[in-house]
Amino acid sequence: MRHFTSVYDLPDLNEALKTAFEVKKNPFAYQHLGKNRTMILIFFNSSLRTRLSTQKAAMNLGMNTMVLNVNQDGWQLESELGVVMDGDKPEHLREAIPVIGSYCDIIGVRAFAQFKSKEDDYQEKIINQFVEYSGVPVVSMEAATRHPLQSFADHFTIEEFKTKEKPKVVLTWAPHPKALPQAVPNSFVEWIRQADYELVVTHPEGYELAPEFMGDIKVEYDQKKAFSGADFIYAKNWASYSSYGQVLSRDRNWTVDEEKMALTNQAKFMHCLPVRRNMVVSDGVIDSPDSIVIQEAANREVSAQAVLKMILEELK
Amino acid sequence: MRHFTSVYDLPDLNEALKTAFEVKKNPFAYQHLGKNRTMILIFFNSSLRTRLSTQKAAMNLGMNTMVLNVNQDGWQLESELGVVMDGDKPEHLREAIPVIGSYCDIIGVRAFAQFKSKEDDYQEKIINQFVEYSGVPVVSMEAATRHPLQSFADHFTIEEFKTKEKPKVVLTWAPHPKALPQAVPNSFVEWIRQADYELVVTHPEGYELAPEFMGDIKVEYDQKKAFSGADFIYAKNWASYSSYGQVLSRDRNWTVDEEKMALTNQAKFMHCLPVRRNMVVSDGVIDSPDSIVIQEAANREVSAQAVLKMILEELK
Amino acid sequence: MRHFTSVYDLPDLNEALKTAFEVKKNPFAYQHLGKNRTMILIFFNSSLRTRLSTQKAAMNLGMNTMVLNVNQDGWQLESELGVVMDGDKPEHLREAIPVIGSYCDIIGVRAFAQFKSKEDDYQEKIINQFVEYSGVPVVSMEAATRHPLQSFADHFTIEEFKTKEKPKVVLTWAPHPKALPQAVPNSFVEWIRQADYELVVTHPEGYELAPEFMGDIKVEYDQKKAFSGADFIYAKNWASYSSYGQVLSRDRNWTVDEEKMALTNQAKFMHCLPVRRNMVVSDGVIDSPDSIVIQEAANREVSAQAVLKMILEELK
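Residue numbers (this note's numbering), protein chains in the order written: chain B, 1 to 316; chain X, 1 to 316; chain Y, 1 to 316.
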């Protein structure tokens with residue numbers, strides 16, 4: 001594997017899962033792979049889990065790491081071609097990216113959807129420039145439309161916790177005060193479609209995800225019907241895709257609470273975090289023994305390490 | 001030792017001092033202890049000495065380190081339970097802490113008094129949540145009411161510089177333009193009470209420290225009387241505890257100057273730094289050969305390394 | 001070599017170049033030199049290339065690194081002596097510098113010209129205090145009047161790309177929306193004067209550099225004449241030295257474009273980056289095969305590693 005920006009970059013999903021189980025069992029067994037290798041983690045946006053888990057994963061593999069918070073440590077970067085740069089952006093990605101690539105062996109990059117233009121976001125203008133110009137492997141630490149390290153950790157976590165061959169997995173929209181990108185739900189649906197699970201998506205009307213991510217997955221607009229018999233409830237807010245970037249509802253009837261969880265097959269509760277308590281999920285649910293959000297977050301180190309291991313193995 | 005949040009966490013103060021002398025002599029002799037161990041340093045507040053000295057101490061011991069500036073790198077964290085999180089804090093400590101704990105072996109945390117509520121500050125709401133929820137050892141890098149790594153370095157420095165068995169050590173309040181927490185003086189008094197020194201505290205009326213830290217130590221309200229015959233002068237500003245968080249005086253008659261130092265037994269001058277020159281202490285005193293503020297600060301690496309060594313030795 | 005703040009600190013320029021070629025060929029061959037050594041990189045100003053390349057160079061040599069962004073991670077530092085510190089700067093360089101020095105073996109420091117006073121800037125008040133007070137070797141990561149790691153990389157890059165013994169090297173001023181320091185052009189002229197090249201400087205009237213950097217180098221005010229037959233074009237904006245810190249011209253007739261490059265001996269195009277496209281240089285020139293700005297930036301790792309290697313070899 002060269003780059004990692006979606007599930008489609010994996011040569012083989014089952015092999016990737018096997019690698020994840022291996023590195024979880026023996027995190028320090030592969031340090032020869034990372035010796036004298038350096039990963040630079042570039043953040044256009046804030047990060048807690050991704051920052052720490054990816055850096056930890058790289059260090060587990062014996063790599064050196066450097067972190068760059070673009071807008072704080074450096075300066076704003078221009079991404080449009082052909083402009084006269086007389087404004088507030090002193091450097092172009094066209095220079096910054098290959099320069100950063102020259103100082104490292106792998107780049108991790110986080111660049112959220114900006115909600116200024118659906119086209120720009122869904123063309124993945126920033127991460128694609130990294131892939132094109134950096135000269136080194138690029139790992140998405142959440143791009144405009146996908147968060148594949150999260151989805152990989154989610155899949156791995158379901159594998160760890162499932163008690164039947166083909167569990168029912170429900171992705172449910174939940175309310176939130178602000179407009180959030182579709183990266184996590186897009187990526188979750190795209191990824192979990194590759195697994196042999198029963199996948200159901202539920203959300204209010206107007207929150208349909210982009211068709212290229214949904215494929216043939218049907219929406220169940222009745223949240224309670226969707227929850228019925230579920231083995232895993234994956235909650236997440238996102239802003240509208242069709243009315244791009246808009247918050248159409250903050251309806252707390254969609255909050256995941258104990259009453260709804262009672263409709264499930266004692267489902268495990270999942271969320272990528274950070275989560276707004278008592279908006280997205282009630283205290284009672286997230287604090288219950290069936291909540292596996294911490295284990296899920298801990299597995300971010302595992303998915304990152306599996307990805308980095310696969311990339312390092314192909315570096316010459 | 002599991003956690004380090006006050007002098008009371010040490011199994012034995014004299015053994016701890018001995019460990020400090022050992023690691024100062026041979027800082028790189030214990031790298032097997034930290035191999036494949038990671039420390040995360042979390043800052044809710046700015047830091048210079050603590051940031052660098054603690055990170056250096058961990059690296060001396062062979063550990064990997066990661067630094068998280070909560071409000072810059074990540075986002076604001078909610079600390080109250082039961083709230084509907086529809087405001088500007090996107091994540092709760094109840095999730096953030098165990099997640100961070102899952103990526104490391106030791107957490108260092110800095111969370112100052114916020115001066116909004118004496119009760120909240122003196123209950124140590126933040127660091128106590130770290131101890132309760134993180135699942136790993138927690139080291140205070142200055143909490144609301146104590147700064148034990150500083151006090152340990154202070155004690156160690158006095159041991160290095162003392163020329164008699166039982167020196168007279170004076171903690172003196174000094175003026176400052178802003179309201180500062182009581183963590184350093186609280187912690188200093190609490191810690192030095194455990195040593196067999198003659199300890200005197202001097203400050204203007206209204207600046208009495210909390211009784212649980214003072215114990216049976218008496219206040220000498222006349223600063224000059226307090227200085228008489230002193231072997232160590234430890235200067236520090238703090239805001240009022242009784243009129244909580246208020247600046248009752250900026251009286252530069254309390255500034256430590258050459259005239260007052262002349263009353264001492266050629267006392268060494270100490271301060272935890274950062275220090276406001278010509279407010280807290282005159283240029284003449286801090287630039288004199290009897291000023292040991294730099295050596296004291298250098299010993300922050302030593303106290304941090306001794307603490308980390310003791311914790312690593314008990315990690316399985 | 002003890003400190004590195006200008007070309008004059010090098011014991012021998014040719015030996016330094018030889019060291020640079022060595023470390024480029026074998027970046028990981030000298031890790032015994034950096035074992036248990038720590039470099040602290042201190043930034044008073046933003047940085048991208050310098051931050052990453054210097055950290056990378058130190059890690060190549062087996063060193064540990066710590067990064068301090070003074071104004072974000074810590075707090076503002078007072079640099080004037082004798083003041084009553086009752087304002088917004090809680091710590092003096094007089095304490096901060098030796099304390100930082102006590103936690104490391106080498107300090108890198110970036111402190112730009114502040115454009116408040118030509119005298120203060122040209123006396124290099126900040127970096128000189130680091131040299132004086134830190135107790136450890138100091139490496140300039142761009143000071144008020146010089147950027148020697150950049151100039152070293154520039155010289156090395158010309159050596160790599162030159163096709164004749166004595167190439168014609170042209171430093172040309174170019175327009176920019178904001179006032180930039182003279183550090184890069186000062187340092188470039190001062191350094192390249194030591195090499196056996198034909199050096200020409202061209203800029204509009206009013207942009208004369210300080211005489212101590214120019215020495216006997218003559219200015220060619222006609223940019224096209226200067227470009228004629230050039231082998232290397234080094235573009236850079238700077239604010240006026242005589243009308244200190246002022247932008248006297250934003251005349252895009254000085255922009256380096258294809259038409260002007262056609263006057264040269266198929267010159268290589270250089271710039272220290274970040275560069276404003278279509279202000280300083282046209283897209284056509286910087287995207288042409290003769291643009292070597294990325295290779296030049298990549299060589300920042302090489303010059304930094306050569307400097308650190310020379311310093312480490314003299315550390316006891």
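Glycine residues also receive a C-beta, built at the ideal position from the N, C-alpha and C atoms.
- request: List the residues that DSSP assigns as beta-bridge partners of B/K106.
  value: The residue asked about is misnamed: residue 106 of chain B is Ile in this sequence, not Lys. DSSP output for B/I106 lists B/M39 as bridge partner(s).
field: Members of the stretch 264-289 of chain X that neighbour chain D once the beta carbon cut-off is set at 7 Å
entry: The structure shown contains no chain D; its protein chains are B, X and Y.
Distance between B/V302 and B/Q150 (C-alpha atoms, nearest Å): 10 Å
task: Give a yes or no on whether 9 Å exceeds the smallest Cβ distance from B/Q72 to chain Y.
output: yes
message: So with CB distances below 7 Å, who are the chain X contacts of Y/P90?
response: P274, R276
query: Y/I126 CB to nearest chain X CB: under 9 Å?
result: no
message: Less than 9 Å between the beta carbons of Y/I233 and Y/T264, yes or no?
response: yes
- prompt: Which partner residues of X/A321 appear in the DSSP bridge assignment?
  reply: For residue 321 of chain X there is no data in the structure shown, the boundaries of chain X being 1 and 316.
field: Residues near X/H32 in its chain [Cβ-Cβ closer than 8 Å; skip 5 each side]
entry: G62
query: When the Cα atoms are used, what is the spatial distance from B/S282 to B/S249?
result: 18 Å
- prompt: Hey, Y/N45 and Y/F115: beta-carbon distance below 9 Å or not?
  reply: no
task: Could you check what DSSP says for Y/L48 in three-state terms: helix, strand or coil?
output: coil
Beta-carbon gap between Y/V83 and Y/E142 smaller than 9 Å: no
query: Just curious, the beta strand (DSSP E) that X/S151 is in, first and last residue?
result: Note, X/S151: premise wrong, no beta strand (DSSP E); alpha helix (DSSP H) at 148-161.
field: Whole runs of the beta strand (DSSP E) within the stretch 192-223 of chain Y, excluding any shorter than 3 residues
entry: 198-202
query: When burial is assigned at 16 or more other CB atoms within 10 Å of the CB, is Y/Q129 buried or exposed?
result: buried
message: Is it the case that the stretch 290-305 of chain X contacts the stretch 64-84 of chain X, given that we only count it when at least three CB pairs across the two stretches are under 8 Å?
response: no
query: Do three or more CB pairs link the stretch 225-240 of chain Y to the stretch 172-182 of chain Y at distances below 8 Å?
result: yes
Validate contact between the stretch 271-286 of chain X and the stretch 190-200 of chain X using beta carbons, cut 8 Å, 3 pairs: no
- prompt: What is the DSSP secondary structure of X/K268, counted as helix, strand or coil?
  reply: strand
query: Whose C-beta lies closer than 8 Å to the C-beta of Y/Y133 among residues of the same chain, with five residues either side of it excluded?
result: L93, R94, I97, P98, G101
- prompt: Roughly how many angstroms lie between the CA atoms of X/N26 and X/T157, to the nearest whole one?
  reply: 17 Å
message: Using a Cβ-Cβ distance cut-off of 9 Å, determine whether B/Q182 contacts chain X.
response: no
Contact check, Y/A179 vs Y/V247, beta carbons under 9 Å: yes
message: Tell me the DSSP secondary structure of Y/L248 in three-state form.
response: coil
Beta bridge counterpart(s) of X/L77 as assigned by DSSP: X/E91
Cβ shell of B/F227 (< 7 Å), same chain only, five flanking positions each side left out: V170, I233, K260, L263, T264
- request: Note down the Cα distance separating B/L315 from Y/H3, rounded to an integer number of angstroms.
  value: 37 Å
task: Confirm, please, whether the CB-CB distance from B/S6 to B/R110 is below 9 Å.
output: no
task: Using a Cβ cut-off of 8 Å, pull out every chain B residue sitting near Y/S47, in sequence order please.
output: D73, G74
query: Helix, strand or coil: how does DSSP classify X/R277 here?
result: strand
- prompt: If you draw a straight line from the C-alpha of B/K190 to the C-alpha of B/M270, how long is it?
  reply: Sequence inspection shows Glu at residue 190 of chain B; the Lys mentioned does not correspond to that position. Each residue's Cα considered, the two are about 17 Å apart.
query: In the DSSP assignment, what are the bridge partners of B/F4?
result: B/V139
query: What does Y/R51 touch in chain B if you count any residue whose Cβ is under 9 Å from its own?
result: M66, L68, D73, G74
query: Between the beta-carbon of B/L41 and the beta-carbon of B/Q55, is there less than 9 Å?
result: yes
field: Candidates Y/N253, Y/D105, Y/Q72, Y/I286, of which the one nearest Y/K268 by Cα
entry: Y/I286
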